[in-house]
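Visitor: These protein sequence lines map, in sequence, to chains A and B.
Read the first sequence against our numbering and you will find it ends at 339, with the numbers running on by one and no gaps.
Read the second sequence against our numbering and you will find it ends at 339, with the numbers running on by one and no gaps.
Sharing a structure below in C-alpha cells format, with a few things to ask.
There are 2 protein chains.
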Amino acid sequence: MDPYGLRRVISPAGVLPQRADVLDPALPLGEDELSIEVEALNVDAASFRQLEGAVGGDPGRIGDEVLRIVRARGKMHNPVTGSGGMLIGRVRALGPRHPAAAALRPGDRIATLVSLTLTPLRIDGIRAVRTEIDRVECDGEAILFATGLWARLPDDLPETLALAALDVCGAPALVARHVRPGIRVLVLGAGKSGALVAVQARASMGDDGAVVLADRSEPALDALGALGVADARLRVDATDPLAVLAAAEGAGGRFDLVVNCASVPGTEMAAILAAKDGGTVIFFSMATSFTAAALGAEGVGKDVTMLVGNGYAPGHAELTLDLLRRHPRLRALFEQRYAR
Amino acid sequence: MDPYGLRRVISPAGVLPQRADVLDPALPLGEDELSIEVEALNVDAASFRQLEGAVGGDPGRIGDEVLRIVRARGKMHNPVTGSGGMLIGRVRALGPRHPAAAALRPGDRIATLVSLTLTPLRIDGIRAVRTEIDRVECDGEAILFATGLWARLPDDLPETLALAALDVCGAPALVARHVRPGIRVLVLGAGKSGALVAVQARASMGDDGAVVLADRSEPALDALGALGVADARLRVDATDPLAVLAAAEGAGGRFDLVVNCASVPGTEMAAILAAKDGGTVIFFSMATSFTAAALGAEGVGKDVTMLVGNGYAPGHAELTLDLLRRHPRLRALFEQRYAR
C-alpha cells in the first residue's frame, strides 16, 4: 500500500509527489492505485498564461511545451509557476485495494480533484489545444493514489459547468459545516466560490438568519444578488478593513461567520474586524497571509476562530453539483460566467 | 470612541496603526485610551539584531537609533524588519471609557501584549540598553487603545519569567479550548510555546489521553520530557512529513489534535499527515504558509480542521501565568532557558 504515491517519486528521494521534480508514471499499477485514460487537461490559468507568454499564442507550440514538461517531469507541473490544474478522462483500471474499487468501473468518466502537480502523467499525443479555455485535449494515462480525490462527471450537467464548480467545491462543503439557522454570514468576494458559498449558507440556515455579500465590483454584486439568497449587498473594497467594518455595522452589525473568498491580497483584517467577538472567519482566498491573519487578530484583541479553508471535505463534489442542480439561478450564473 | 486608534494615524491616512508609517503619540488622552509611563521596551529579537548589525554593538549607538526611529514614527516599529516588541511600565492615566477603567489604577505595573508596531510611543530619555536581553530601559509615554491587550505584571513571579511566558500566552489558551479528556495530542516543536502547550494539554485532558512531543533536537525533547507531562517523545524532523507520520504511527497512531509550534518553514504537511481524519491542526508557527496548508490537505484528501493560531483568547495571560505557578518544573524550565 502506498497511499501518497511515494514509490513513484524519482527525485528528490523521499519527498511527497507534489514536491518532487520527477515522477514515474510508467510503473505497473499499484494495488491501491487507479489509472485514467486521459481525455483533457484543464491547465491552471496561471500556468497556461505563462506557457502562452513563453512560446507565443500558437496552439501547436503550447502543446509541444506541455509535452516537453510532461516528458521531463512525469507530471504537468509547470516549473515556472509551480501550478498544475486538473484532468478529465475515463477509468482505465482500478487496483483492488483502491478506496474507489467498489464505486467506480472501467469506462466511468471522472475528473481529478487533486492538482496535476502531484499526478503521474504520460501523454501519447496531443489532439488539440484550446487556448480560449486553457484546455489541452490529449491521449495518455494518469495515475491517482488512494488519497487522490476525484469526482464522477455527472450525466445531467454540461462538462464545463461541472468542472467550473468542482474547481472550488471545498468552499461550500466547509461552509455547510459552520452555518446554523439564525446566524449572520458575510461573504467577502462575489466571485465563483463566493456564489457557491452564499447559496450554501442560505440553504444551511433556511430563512432564519442573514447572508450579506461584499465586493468592490457592482456588476459582481448584481450577478450574485440575482441569485436571490442574500439579504444585503455591500459595495466595499475588502482591502480597506475600516470601510468593511463600517459597512458591516450599517448592515445590521458584525457577523457570526465571515467567509473570505476575495481574490486579492490584504483582506485579512477586513474579515477579522467584520466578525463578532467569538465569531469565525474561514479563509478561502489563496492570497491569504498566515501572519497577517494571526498577528492581525491579536493586534486588535479579537477573539475570533480562524480557519484555513481546506479544499477537501467528504462529499464536497456531490454537495456542490447538487447545489447547481437545485438552484437554477446559480446554474444560470455559472453557465454564463464560468462555464465557457 | 476610537477602539483601533485611528485618530492617531498621521500617514498614510485611513489605515490601521500597524500599517501606518507615522503615529501621533502626543494627542491628549482619549476617553477610551490608557497611557503608560514606560520603564522598558522589550525589542523584538529580529529588530534588535538588525539594529546591532546596522550601528554596531555599542549600547549608546543602539539607543540613539531607537530614539531616531521612535521620533520619526511615533512608535518603535523597525522599518527594516517590520517588527516591534512589547513594553512594560506603570499605568499613568486611564480614560473613563477604556475597558480596563475599573480593573486598573494609576501606578499598576503592566506589560503590553500588542506589538510595539501599533503602539504610540514617545521617549524622553534612554537610561540603559541591555544588549544581552534585547531591552531598552527608558523614560517615556505609550498609549494603549481600547482593543490593545495588556497584562498586569504579577508580584509573585520574576519579571523576566512573566514576560517570557506572556510572549506566547495565546498558544496554551487556544489549546485549552480544543483538548478534551481522552484525546491524543501531538506537539510539534519542543520550544517555548511547545512547553506551555504540552503542559496545558495534559492539564486539560487529565490522565485520560496522550500528549506526545516531537522535535529534531534531543536536548529540547529532554528538557520538555522533564516536565513529566508527555507520554512519548519523537525525535524527528518536522520538515519531513513522512518521517513524522511513521513516528506517529509507531507511537500509537495519528492524533486528534496536532499543535504546530515549530520554528522553521515547511512543517505544514507533517502536521496534516499526523492528524486523524476528522482531526484538528492548530498552526502557531509564524513560519506557516497558508497555501502549503490549504493545498497540502487537499492534495492528500485529508479532512482536517486547520486553525490559524490566534495570539489572543480571553484570559490568555492569566491562564499562562497560572500554568507557571502551578507547575514548578515548567517554571524551572522557563527560568533556566527563557527568562534571562
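Backbone N, C-alpha and C fix where the C-beta goes; we use that ideal spot for every residue, glycine too.
Bear in mind that the values here come from a model prediction, so they are computed numbers and not experimental data.
1) Where Thr130 (chain B) and Arg179 (chain A) are concerned, what is the direct C-alpha to C-alpha distance, given to the nearest angstrom?
2) Would you check if the distance between the CB atom of Ala293 (chain B) and the CB atom of Val307 (chain A) is smaller than 7 Å?
3) For Pro327 (chain A), tell me which candidate among A:Ala213, A:Val228, A:Ala245 and A:Gly277 has the shortest Cα-Cα distance.
4) Which residue comes first and which comes last in the alpha helix (DSSP H) that contains Asp221 (chain A)?
5) Can you tell which of B:Pro105, B:Gly106 and B:Gly147 has its C-alpha closest to the C-alpha of Val113 (chain B)?
6) Pull up the DSSP beta-bridge partners for Ile87 (chain A), would you.
7) Work out the CA separation of His315 (chain B) and Cys260 (chain B) for me, nearest whole Å.
8) If we define contact as Cβ-Cβ less than 7 Å, is Met285 (chain A) a contact residue for chain B?
9) Do we get a CB-CB distance below 7 Å when we pair Val307 (chain B) with the residues of chain A?
10) Can you find a C-beta in chain B that's less than 7 Å from the C-beta of Phe47 (chain A)?
11) So the beta strand (DSSP E) Lys301 (chain A) belongs to, where does it begin and stop?
12) Does DSSP put Ile142 (chain A) in a helix, a strand or coil?
13) Residues in the same chain with beta-carbon distance under 7 Å from Val196 (chain B), minus the five sequence neighbours each way, listed in chain order, please.
14) According to the Cβ coordinates, are Arg108 (chain B) and Leu40 (chain B) closer than 7 Å?
15) On a CA-only basis, which of A:Cys137, A:Met305, A:Arg215 and A:Leu162 is nearest Pro58 (chain A)? Give me that one, please.
16) From B:Ala145, B:Leu143 and B:Ile122, pick the residue whose C-alpha is nearest to that of Val135 (chain B); which is it?
17) Within a Cβ cutoff of 7 Å, which residues of the same chain sit near Ser262 (chain A), ignoring the five residues on either side of it in sequence?
18) To test your reading of the DSSP string, which unbroken beta strand (DSSP E) runs of 3 or more residues are found completely within the stretch 234–321 of chain A?
19) For Ala213 (chain A), which of helix, strand or coil comes out of DSSP?
20) Which stretch, first to last residue, makes up the alpha helix (DSSP H) that contains Val174 (chain B)?
21) Please list, in chain order, all residues of the same chain as Glu362 (chain B) whose beta carbon is under 7 Å from its beta carbon, the five residues on each side excluded.
22) Nearest-angstrom Cα distance between Pro353 (chain B) and Gly224 (chain B)?
23) At 8 Å on the CB atoms, spell out the chain B contacts of Pro240 (chain A), in chain order.
24) Assess contact between the stretch 65–79 of chain A and the stretch 14–22 of chain A, defined as three or more Cβ pairs (one per stretch) separated by less than 8 Å. Is contact present?
25) How would you write the range of the alpha helix (DSSP H) that Gly62 (chain B) sits in, first residue to last?
26) So which of B:Met268, B:Arg253 and B:Pro98 has the shortest CA-CA distance to Glu297 (chain B)?
27) Since Gly125 (chain B) sits in a beta bridge, which residues does DSSP pair it with?
28) Suppose the cutoff is 8 Å on Cβ atoms and the five residues either side in sequence are ignored; what does the same chain contact list for Asp31 (chain B) look like?
29) Can you give me, in chain order, the residues of the stretch 233–257 of chain B that have a beta carbon less than 8 Å from any beta carbon in chain A?
30) In the DSSP assignment, find the unbroken alpha helix (DSSP H) run with Ser192 (chain A) in it and report its ends.
31) Determine the direct distance from the alpha carbon of Ala237 (chain B) to that of Arg253 (chain B), and round the result to whole angstroms.
32) Please report the distance separating the alpha-carbon of Val235 (chain A) from that of Leu256 (chain A).
33) Name, please, each residue of chain B whose Cβ falls closer than 9 Å to the Cβ of Glu297 (chain A).
34) Count the other CB atoms, across all protein chains shown, that sit within 10 Å of the CB of Pro11 (chain B); report buried if there are 16 or more and exposed otherwise.
35) Helix, strand or coil: how does DSSP classify Val54 (chain B) here?
Guide: Concretely, from the data shown:
1) 53 Å
2) Yes, the pair counts as a contact, with Cβ atoms nearer than the cut-off.
3) A:Val228
4) Glu217 to Gly224
5) B:Gly147
6) A:Ala39 and A:Ala110, per the DSSP bridge assignment.
7) 17 Å
8) yes
9) yes
10) Under the Cβ criterion of 7 Å, Phe47 (chain A) is not counted among the residues facing chain B.
11) Membership of Lys301 (chain A) in any beta strand (DSSP E) is not indicated, and neither H nor E is assigned to it by DSSP.
12) strand
13) Shown here for Val196 (chain B): same chain residues with a beta carbon closer than 7 Å to its own, the five before and five after excluded, namely Ala170, Pro171, Val174, Val186, Val258 and Cys260 in chain order.
14) no
15) A:Cys137
16) Measuring from the Cα of Val135 (chain B), the nearest candidate turns out to be B:Ile122.
17) Gly188, Gly190, Ser284 and Ala286
18) 254–259, 274–282 and 304–307
19) strand
20) Gly169 to His177
21) What the structure shows of chain B is the stretch from 0 to 339, and residue 362 (chain B) is not part of that stretch, so it cannot be assessed.
22) Residue 353 (chain B) is absent from the model: chain B starts at 0 and stops at 339.
23) Per Cβ cutoff of 8 Å: Leu15.
24) yes
25) Bounds of the alpha helix (DSSP H) holding Gly62 (chain B) are Pro58 to Arg72.
26) B:Met268
27) One point to set straight first is that residue 125 (chain B) is Ile, not Gly, in the sequence displayed. Looking at the DSSP assignment, Ile125 (chain B) forms a beta bridge with B:Cys137.
28) Met0, Asp1, Pro2, Gly94, Arg96, His97, Pro98, Phe144 and Ala145
29) Asp239, Pro240 and Leu241
30) First-last of the alpha helix (DSSP H) with Ser192 (chain A): Lys191 to Met204.
31) 15 Å
32) A direct Cα-Cα distance of roughly 18 Å separates Val235 (chain A) from Leu256 (chain A).
33) Chain B residues near Glu297 (chain A): Leu112, Val113, Ser114, Leu148, Gly169, Asn309, Gly310 and Tyr311.
34) When all chains shown are included, Pro11 (chain B) counts as exposed.
35) Helix at Val54 (chain B).
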